[in-house]
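**Student:** For what it's worth, the working numbering labels the leading residue of the sequence shown as 223, then goes sequentially.
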Amino acid sequence: MLINVNKLQEIMRQDEHLYPECSYPIEYQHFYKDAKECLDHEALLEHYLHDSLTEKLDSLKDSWHESQNDKHILKLESDTEGLNENELIALSIRYIDKCNYERAILILSKMTPSMSISNYIGLCHEKMDNVKIALSHYKMAFNAMNDHAEMNISIISNYLSALHILNETDQEPLYNEYIDKFNISLASSFRYDTFTAENRNSVYKYYPFNKFTLDSLINNYFYLASSEQLNDPIELPYSHLKNKRSDILLRPDFRLTSFSNNKNSMLMWSHYAENHTGLMIEYCFEGELPEGVGIANVNYSHTAKRYKEKEEYLFDQYMLTKNEDWSYEKEVRLFGYKKEKIYYEQLHYPNRSSEKAGVYIKSIFLGYRFPPSMIKLIINIMNEINDARKNNALKINLYQAKLSETNFFELVYEAIDSKKLFT
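#1: Assuming contact is defined by CB atoms lying nearer than 7 Å, are L446 and K561 in contact in what I supplied?
#2: Taking Cβ positions, are A363 and A384 nearer each other than 7 Å?
#3: In three-state DSSP terms, what is S626?
#4: Could you tell me which uninterrupted beta strand (DSSP E) segments, each at least 3 residues in length, are contained entirely in the stretch 553-606, listed from first to last along the chain?
#5: Nearest to L511 by CA position, among I564, R473, L501, is which residue?
#6: Bridge partners for L501 per DSSP, in chain order?
#7: Taking Cβ positions, are K532 and S482 nearer each other than 7 Å?
#8: How about C506 and N423: are their beta carbons less than 7 Å apart?
#9: Name the residue from T499, E606, K578, I503 whose alpha carbon lies nearest to the alpha carbon of S595.
#10: Could you spell out where the beta strand (DSSP E) holding R477 opens and where it closes?
#11: In terms of DSSP beta bridges, what is L620 paired with?
#12: So for S523, helix, strand or coil by DSSP?
#13: Kindly examine the ligand GTP and report whether one of its heavy atoms sits closer than 6 Å to the Cβ of L501.
#14: Alpha carbons only, please: which of S480, F253, L616 is nearest the one belonging to M541?
#15: Checking 7 Å against the spacing of the C-beta atoms, do A409 and G516 come in under that value?
#16: Mind checking I378: buried by the 16 CB within 10 Å criterion, or exposed?
#17: Excluding five sequence neighbours on each side, which residues of the same chain lie with their C-beta closer than 6 Å to the C-beta of S626?
#18: Please return the same chain residues whose Cβ sits closer than 6 Å to the Cβ of P202, not counting the five positions on each side in sequence.
#19: Helix, strand or coil for C346? Go by DSSP, reduced to three states.
#20: With a cut-off of 8 Å, do at least 3 Cβ pairs link the stretch 487-504 to the stretch 426-436?
#21: DSSP three-state call for T276: helix, strand or coil?
#22: In terms of alpha-carbon separation, which member of A623, L471, F476 lies closest to L458?
#23: Do Q539 and L588 come within 7 Å of each other at the CB atom, strictly closer than that value?
#24: From the DSSP output, which residues share a beta bridge with A518?
#25: Assuming E513 contacts G580 under a Cβ cut-off of 8 Å, what Cβ separation, rounded to an integer in Å, is found between them?
#26: What are the start and end residues of the beta strand (DSSP E) that includes Y381?
#27: From the DSSP output, in three-state form, read off T334 for me.
#28: Do you know how far the Cα of L471 is from the Cα of D301?
#29: With the cut-off set at 7 Å, would you say S340 and I329 are in Cβ contact?
#30: Measure the C-alpha to C-alpha separation of F203 and L478 and round it to an integer number of angstroms.
#31: Give the single residue among H570, L536, R528 whose Cα lies nearest to the Cα of D547.
#32: Determine the contact status of A526 and L267, defining contact as a CB-CB distance below 7 Å.
#33: So, is A610 buried or exposed, given that buried needs 16 or more other C-beta atoms within 10 angstroms?
#34: Which residues in the same chain have their Cβ closer than 8 Å to the Cβ of P593, if we skip the five residues on either side of it in sequence?
#35: Assign E348 to one of two classes, buried (16 or more other C-beta atoms within 10 Å of its C-beta) or exposed (fewer than that).
#36: Taking 6 Å as the limit between beta carbons, can you name the residues of its chain near S487, skipping five residues before and five after?
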C-alpha cells in the first residue's frame with residue numbers, strides 16, 4: 223500500500239505532459255483507484271499504518287484538486303469579458319473551492335439574481351461566518367425555488383441549517399414541513415437514471431407464499447418495511463450515525479423493500495421464500511417513481527470500514543450500506559419517506575400516474591417445493607394480470623425451480639405450460 227501511495231505521489235510530481243488537465247476527477251484515475259483499492263482491503267483496515275496512509279492519500283487528492291482548480295481558474299480568467307453566465311458561475315465555484323469567497327461574491331453580485339446565484343452567495347457568506355447575511359440569500363433562493371415549484375436539496379438544506387445555527391427555527395412556521403421536503407427530495411434524488419441492475423431494468427424479489435404476498439401481487443403494490451421489521455439488527459442505523467447537518471435534517475422515517483440482482487440463489491430461496499416453498503417475481507422498472515421514492519443498489523462494506531466512515535455519506539450509510547456478509551444478495555432497495563406502500567402499474571404513454579411507480583411483472587418463478595395444489599391459483603392470478611394489460615403488452619412468463627439434471631447441486635428454471643395444466 224505504501225508503494226502505491228508513493229507511486230501516486232511520484233506521478234503527481236512528473237512533468238506537465240504526464241500530469242495533464244483531466245476531464246475526470248482524480249477518483250476516476252486508475253492510479254488513484256489502485257491505491258484506494260489497496261487501502262480498502264480487509265487486511266489493511268485495522269493495520270496501524272491505515273489511518274496515516276489514508277491521510278496521505280486524502281492529502282494527495284486535495285493537492286490534485288487544487289492544482290486542477292488553479293488551471294481552470296487561469297483558463298477562465300484569461301478572458302473574463304467573454305465569459306457567459308454559466309462560465310462566470312463556474313469561475314465563482316472555483317473561487318469558492320479555493321476559499322476565495324470575496325472574489326466569488328464580487329462576480330456573482332454582478333449577475334442577474336437567480337435561485338442558484340443567491341444560494342452560492344449565501345454559501346460564501348456562511349463560510350465567512352456571516353450566517354445572518356447568508357440566511358437572507360438562502361431565503362431568496364428558497365423563495366425562488368418555491369415559486370418555480372422545484373425541489374432542490376442543496377437550497378433546502380442550506381436554508382434550514384442556517385435557521386438552526388441562528389436558533390431561528392421558530393421564526394419559520396413551516397419549518398417541519400420543509401424538513402419533510404428535504405427528506406422527500408433526498409429520496410427522489412435516487413432515481414432510475416442512477417440505478418443499474420445487472421439484467422438491464424429487471425430485478426427479482428423472493429417471497430414466502432402467504433396471504434400478504436398474494437394481496438400485494440393482486441393489488442399491484444410493494445409493502446415497505448420499517449427498521450424494526452428487518453432481519454438485520456443493525457439495519458438503518460440512524461441513531462448511530464452522527465453528523466452536524468444530518469442531526470438537523472435527516473429523519474428516520476424511511477421504509478424500504480428489497481429486490482435482488484441475483485436470480486438464482488439457494489440461500490435466498492431458503493431465507494426469503496420459506497425453504498423453496500415460496501416464489502420469486504421478476505419486476506421490470508420503467509423509470510417512473512412517485513415523489514419521495516428512490517431506488518439504488520446496496521453497497522457492501524467491511525465492518526471496520528463502515529465504522530471509520532460513519533460520519534461520511536450519511537444517507538448512504540443509513541439506507542444503502544450493509545456488512546459485506548450480505549453481499550451474496552446483490553440487493554437493490556426501493557425506499558420511500560413516510561410511505562408504507564408503493565403502488566405500481568405498467569406505463570402507457572402519454573398517460574402516466576405521478577402517484578404510482580412504472581413497474582410491471584415480467585416473470586413468476588415457483589420454488590422447488592412450491593405446493594402443487596397452489597399452482598393453478600398462481601396461474602389464475604397471472605391470467606387476470608395479463609387480461610388487464612393493454613393490447614400487445616408482454617405476457618407474464620411462468621417457471622418452476624428444478625434440480626439440474628447435469629449438476630444435482632444447482633437449480634434451473636423450467637417453463638410451465640399453463641394451458642396443459644387446465645386440460
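Beta carbons: idealized from backbone N, C-alpha and C, even for Gly.
**Tutor:** According to the data block:
#1: yes
#2: no
#3: coil
#4: Counting whole runs of 3 or more residues, the stretch 553-606 contains the beta strand (DSSP E) stretches 553-559, 563-567, 579-588.
#5: I564
#6: Residue pairing of L501 in beta bridges, as defined by DSSP: Y429, L588.
#7: no
#8: yes
#9: T499
#10: 476-482
#11: I586
#12: strand
#13: Judged by which ligands are present, the structure shown has none, so any question about the ligand GTP falls away.
#14: S480
#15: yes
#16: buried
#17: Here the set comprises E632, V634.
#18: Limits of the chain in this structure are 223 at one end and 645 at the other, which puts residue 202 out of reach.
#19: helix
#20: yes
#21: helix
#22: F476
#23: no
#24: R555
#25: About 14 Å separates the two Cβ atoms, so there is no contact after all.
#26: Taken as a continuous stretch (DSSP letters only), Y381 belongs to no beta strand (DSSP E), being part of the alpha helix (DSSP H) at 375-387.
#27: coil
#28: 41 Å
#29: no
#30: Absent from the model: residue 203. The displayed extent of the chain is 223 to 645, so no value can be given.
#31: For D547, the nearest C-alpha among the options comes from R528.
#32: yes
#33: exposed
#34: F431, T499
#35: buried
#36: none
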